[in-house]
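Below: the structure, in C-alpha cells.
Chains as they are written, first to last, in our numbering: chain G, 1 to 237; chain D, 1001 to 1593.
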C-alpha cells in the first residue's frame, strides 16, 4: 500500500486504496435513524426502553459525557440508541454470562458480578428504583433535575450511597451505565453510537485503518488521517 | 444417542498450540490421529477478515473468540475456607473456545525460559539457602533442563516465524550485541529480524539505557516480513494494525495453530479434526491404569465414545486438571494435608504498570502496535540480580509493549483525573496519544493454599462440576512487584513526563477477577521427577496412566516471568519427541515410578 502526502481528504482513506465515497453514501445507514437525533431522543423510537426510561437514559448519559468544546456528548453521539439496541442482543439477555444459581448474597466485590439480573432486567429494575428514590428526595424525576443536582445524584450512585435497594444497588446500575456509555461512545458507528466516528476523531484513534507499516517509526508525528469505520472500509472495497 | 467411533492411534483433546503440535508430530510418525475441539471451527476467514475484525466491541467486550461463559466457566474463592462463586463474566483472564484455542487470539509474545527457572527450588536453595524460601511456597524443579529443551525452542521459533534479535548463538555474541545480554545460549538465531520499535517503545529503550539497564527488542511471533515455515505454511508482514490480543490476525502475520500448523496438517490422510466435540472424560480400563479413549458430546447432544491407544490432554492451562479430576486420574491435591497432586500449584502472573503522561503534542500514537512487539529489560527477571538483599523469590521482565490501545478497553489517564463528565473527556483526549505505558510482568510463585479442585455446587451445561480456583495474592509476589516498580520509576522519570502513575498491588490486596490482567494461568498438572509430587513425569506422561500425556502450561510447577506460550510449545515438542523416539517403540512408562 502507499499513503503519502498530507492532502488525503478526511473520511475517505480506506484500507489498501484511496477512493472517494460520496458523502451521501458514507453516512446513509447512520442517517436513517440519527437524522433527527439532535440533543435529545429525537425521532428514534426505542425498542426496549419505555418513554420515561428513555428520558432517564438520555439524561443520565448526557451527564456522564456532556457536550462541550472538547468533543461530542454521549447523546449527540447516539449512546442512548446504542444501549437500546444492545438490549436486543445476546448481551442484553445475559447470554454471554454464566447465569446459573445459587447467587451469593454478599460476595466480595473482587469476585465480580453475582446478581441474578440480565442487563435488560437490571436496567428496567434499576431505573425504576432509582427514579423512585430520586423523586422521593428531590420532588421530581431525574430527567427534570438541573445539571448540578443530576451530577450530585450520579456521584451518590457511583458511591452506592443512593439507596435503591439491592436488585441492583445504585453503584451497580451506575457501573452498567458508565460501561455501556463508553462502549457506545467509542465503538464502531455501526452499533448506533460514535456518530460520524467523532469520538474517535476527538482522541485521535484512526479506527479500522489496519495498516501503519509506514507510520510505526515516524516518531512524534501526528497521524493526519480521519478515522476509518468498518462500513467505510467495506464500501471502498 | 450413544455412538462408538472408529478406533484411532491417538486421541487429542483440544486444538490449541499443544494439540495441533502433537497432531502434527504424531501424524508424521504415521499414527492415525483425531483432534476433538469443544468449540466451533475458526479461521482467518471469516473470523479474522478485514475490516470486520477491527471491532473492539464485538471481539473484546462481547467476547467473540473467548470461551462461551454461558455454558462453562470456573468458580473462584480467595481462601481454602471460603465459598467459591462463579467467574460469570470474562474479566481477569480470557480463555478461548474453538479451533486454535487461545492460540488464535493471543498477542504473540514468544519467549524462551531462563535455565535456572527450570531448577527453581534447587537453584534458590543452593544460592540463597533453604530458609530463603517461605514455608508455604511449594515451588519445585521441572525435571527438564534448558539444554534439553533448546532444540525445541529453536524449532518452535521457526514454526512461528518469530522476529527477534539474538544475542548469543553457539556461544558467540552475534549482530551488534543489541540482543538480550541475559538470554541463554541458542543454537540458531531467530528466523526473522526484529520488528520495528513503535515510538513509546523507543522512548522506553532510551530511558532504560540512560538508567544503566539493558533494553532489547523482544521476540515477537508477529512476523516482520514474508515468511514460510518448515511446514510450508506462509505468513505475511505485520502492518502494526494493533488488533492482536483478542482477535484473529487478518494479515496472516501473527502465528497461530490455524495459520502455522493446520494447513500442513490437513494434508495428512492420517489426520481428522472434529469441532463441537466436547470431551467429558478420559475413559479407563478396569485396572484404572490404562486409558481406552475419551467420551465426548457433540453439538446435538449425542454422546460419542472415541477409542484410542494414546490420549493427549491438550486443553487450555487449567482445563487439563479438570479433565483428570472428573476422570478420576491421579490423586486430587488436598491443601490441608499437602497430599495429592492433581490441582496443586495453581499460578498466575503478578502485574504492575507504570504510566508516564506527557503534554499534548507528544504523539506516541498508541493505536500503532503489534501484540508481540516490545522493548524489554530483563535486568530484574530470572536470577539476573541478587535476590539476597531483595528478599523475595521471583522477578519480572519489564516491557513497553505498544500493542494497539483501543478506546473502550480504557485509556490511561493521570492520577486524580475525573472518572466521568467533561473532565474525563478532556483527560482521555489529552492522554490518548501522549502516554508511554510499561508493564512489570511478574512471576507468581506456587503456594500450598493456591490450587484447583472440583466445585461442590456449580455445574457446566453438561452437568459436570465446574473447576474451582482457590487463589489469592501472597506477600512474596507483591514484594517482588513493588520492589521492581520502585527500580523502574526512575526510568519513567528520565522520560521527562508531566506526571507518572504507578499501578502496583498493595500488601493485603485480594485477587480481583474483574479487570483484565493476563490469561497466563498455569499449574494444576505439574511435571516433576517424583510421582508423589507431580502429575506427569519429565516427558509429560501421566505417572498413573502411561498412555496419557498431559501438555500445556498446567505442567508448570510455578509461574514464569515471561509469557508461557514459548515454553508450552517447546515442552510439547519435547514430549512429542519422547513419544516418537521412545514410547511408540516400547509403550509403557518412560520413567519408572
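Yeah, the Cβ is synthetic: ideal placement off N, Cα and C, and Gly gets one too.
Can you tell me which of the three DSSP states residue i falls into?
| i | result |
| --- | --- |
| residue 1350 of chain D | strand |
| residue 125 of chain G | helix |
| residue 1241 of chain D | strand |
| residue 1055 of chain D | coil |
| residue 1438 of chain D | strand |
| residue 1214 of chain D | coil |
| residue 1291 of chain D | strand |
| residue 1335 of chain D | coil |
| residue 1254 of chain D | strand |
| residue 1586 of chain D | coil |
| residue 1281 of chain D | strand |
| residue 1109 of chain D | strand |
| residue 1194 of chain D | coil |
| residue 38 of chain G | Low local confidence applies: a pLDDT of 41 at residue 38 of chain G is under 50, so the model's placement there is unreliable, with the coordinate-based value given in what follows. Three-state DSSP puts residue 38 of chain G in coil, outside helix and strand. |
| residue 98 of chain G | coil |
| residue 1233 of chain D | coil |
| residue 232 of chain G | helix |
Within 10 angstroms of its Cβ, does residue i collect 16 or more other Cβ (buried), or is it exposed?
| i | result |
| --- | --- |
| residue 1007 of chain D | exposed |
| residue 1001 of chain D | exposed |
| residue 1187 of chain D | exposed |
| residue 1271 of chain D | buried |
| residue 1287 of chain D | exposed |
| residue 238 of chain G | The requested residue 238 of chain G is not part of the displayed model; chain G covers only 1 to 237. |
| residue 1266 of chain D | exposed |
| residue 1549 of chain D | buried |
| residue 208 of chain G | buried |
| residue 170 of chain G | buried |
| residue 1541 of chain D | buried |
| residue 1418 of chain D | exposed |
| residue 1547 of chain D | buried |
| residue 1585 of chain D | exposed |
| residue 69 of chain G | exposed |
Go through its chain and collect everything with a Cβ distance to residue i's Cβ below 7 Å, but skip five positions before and after it.
| i | result |
| --- | --- |
| residue 57 of chain G | 49, 80 and 83 |
| residue 218 of chain G | none |
| residue 1199 of chain D | 1364 and 1365 |
| residue 1388 of chain D | 1128 |
| residue 1250 of chain D | 1044, 1048, 1049, 1050 and 1053 |
| residue 46 of chain G | 54 and 84 |
| residue 1494 of chain D | 1207, 1210 and 1211 |
Given residue i, which residues of its chain have a CB within under 8 Å of its CB, disregarding the five upstream and five downstream residues?
| i | result |
| --- | --- |
| residue 1281 of chain D | 1294, 1295, 1323, 1326 and 1327 |
| residue 1420 of chain D | none |
| residue 1252 of chain D | 1044, 1234, 1235, 1236 and 1259 |
| residue 1276 of chain D | 1037, 1038, 1039, 1040, 1298 and 1299 |
Alpha carbons only, please: which of the options is nearest the one belonging to residue i?
| i | options | result |
| --- | --- | --- |
| residue 121 of chain G | G/217, G/52 and G/176 | G/176 |
| residue 1309 of chain D | D/1316, D/1319, D/1290 and D/1341 | D/1290 |
| residue 1568 of chain D | D/1588, D/1529, D/1525 and D/1532 | D/1525 |
| residue 1037 of chain D | D/1315, D/1443, D/1158 and D/1027 | D/1315 |
| residue 1445 of chain D | D/1081, D/1559 and D/1580 | D/1559 |
| residue 1165 of chain D | D/1217, D/1498 and D/1105 | D/1217 |
| residue 1117 of chain D | D/1439, D/1395, D/1130 and D/1490 | D/1395 |
| residue 129 of chain G | G/114, G/195 and G/52 | G/52 |
| residue 1532 of chain D | D/1430, D/1333, D/1399 and D/1370 | D/1333 |
| residue 220 of chain G | D/1428, D/1423, D/1201 and D/1544 | D/1201 |
| residue 163 of chain G | G/133, G/108, G/152 and G/184 | G/133 |
| residue 1405 of chain D | D/1500, D/1173 and D/1438 | D/1438 |
| residue 1254 of chain D | D/1078, D/1162 and D/1230 | D/1162 |
Got a sec? Which residues, its chain only, sit under 6 Å from residue i by beta carbon, not counting five neighbours each side?
| i | result |
| --- | --- |
| residue 1059 of chain D | 1246 and 1247 |
| residue 192 of chain G | 78, 81, 82 and 85 |
| residue 1073 of chain D | 1086 and 1087 |
| residue 141 of chain G | 131 and 135 |
| residue 1120 of chain D | 1139 |
Just confirm the distance between the C-beta atoms of residue i and residue j, as a whole number of angstroms; I'd bet it's less than 8 Å.
| i | j | result |
| --- | --- | --- |
| residue 1563 of chain D | residue 1520 of chain D | 6 Å |
| residue 1368 of chain D | residue 1402 of chain D | 7 Å |
| residue 1574 of chain D | residue 1148 of chain D | 7 Å |
| residue 1352 of chain D | residue 1184 of chain D | In fact, because the Cβ distance is near 25 Å, the residues do not count as touching under 8 Å. |
| residue 1112 of chain D | residue 1153 of chain D | 5 Å |
| residue 1257 of chain D | residue 1016 of chain D | 6 Å |
| residue 1468 of chain D | residue 1338 of chain D | That belief does not hold up - the Cβ atoms of residue 1468 of chain D and residue 1338 of chain D are roughly 18 Å apart, past 8 Å. |
| residue 194 of chain G | residue 186 of chain G | 6 Å |
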